[in-house]
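Take a look at the structure below.
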Amino acid sequence: MDDITALIQDDHEAFRRGFARLDDAQGVDELRAIWEPLALHLDIHAEAEETIFYPQLLRRGDDAEEETDDAIRDHNKIRDAISESRRHDVGSDEWWAAVWACRRENTEHLGEEEDEVLPDFRHNATLELRDELATAWLKYYAEHPSGRGLTFRDKDPKEYIRNNTP
Numbered sequence: 298m299d300d301i302t303a304l305i306q307d308d309h310e311a312f313r314r315g316f317a318r319l320d321d322a323q324g325v326d327e328l329r330a331i332w333e334p335l336a337l338h339l340d341i342h343a344e345a346e347e348t349i350f351y352p353q354l355l356r357r358g359d360d361a362e363e364e365t366d367d368a369i370r371d372h373n374k375i376r377d378a379i380s381e382s383r384r385h386d387v388g389s390d391e392w393w394a395a396v397w398a399c400r401r402e403n404t405e406h407l408g409e410e411e412d413e414v415l416p417d418f419r420h421n422a423t424l425e426l427r428d429e430l431a432t433a434w435l436k437y438y439a440e441h442p443s444g445r446g447l448t449f450r451d452k453d454p455k456e457y458i459r460n461n462t463p
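Using this note's numbering, you'd call the opening residue of the sequence shown number 298 and step up by one each time.
Spelled out as structure tokens, the structure:
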């Protein structure tokens with residue numbers, strides 16, 4: 298059996314490693330080679346969570362509406378920072394400011410998910426559901442290689458909750 302919460306945490310670890318690699322990067326080409334796949338992974342991850350995970354949390358979580366609202370707002374801030382980074386030359390002060398904004402938002406978001414959201418879901422969802430969602434998660438990534446077919450746009454948290462609450 299697989300578990301959606303474990304797959305989400307696997308992505309979180311990949312994000313931490315990616316940001317750490319930026320710390321050691323030498324030169325624009327290396328920065329670009331690290332940042333572009335990391336930024337894309339962050340975008341795809343947010344879309345996957347919003348498509349697969351958070352609708353299920355809204356059906357089962359103890360503080361699901363508050364947790365979901367916060368997560369959507371965090372995803373928006375991360376997407377906005379990624380978009381801002383793309384407006385600047387890689388390695389410029391403005392680019393670094395956007396990358397650091399993304400890193401800060403992401404670090405805060407990962408902590409909240411790992412300390413609150415994922416334990417809430419594990420407490421309230423069956424192992425079978427967690428396995429079913431893990432399969433959907435893996436399929437989602439396979440169906441959208443390199444983000445193909447996805448649009449990375451901010452979402453209104455209240456509207457998202459309204460549209461995904463049974």
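Note that beta-carbon positions come from the ideal geometry of N, C-alpha and C, so glycine has one too.
Just so we're clear, the structure is a prediction, and the values are computed from it rather than from any experiment.
Query: Contact set for TYR437: own chain, Cβ-Cβ below 7 Å, skip 5 residues either direction; Result: ALA345, THR348, ILE349
Query: Close-in-space but distant-in-sequence residues of the same chain around ASP428 (CB under 6 Å, 5 per side omitted); Result: MET298, ASP299
Query: Buried/exposed call for GLN323, threshold 16 Cβ in 10 Å; Result: exposed
Query: Secondary structure of LEU447, DSSP reduced to three states; Result: coil
Query: Nearest-angstrom Cβ-Cβ length linking LEU319 and ILE331, presumed shorter than 8 Å; Result: 5 Å
Query: Straight-line Cα distance separating ARG357 from ALA378; Result: 31 Å
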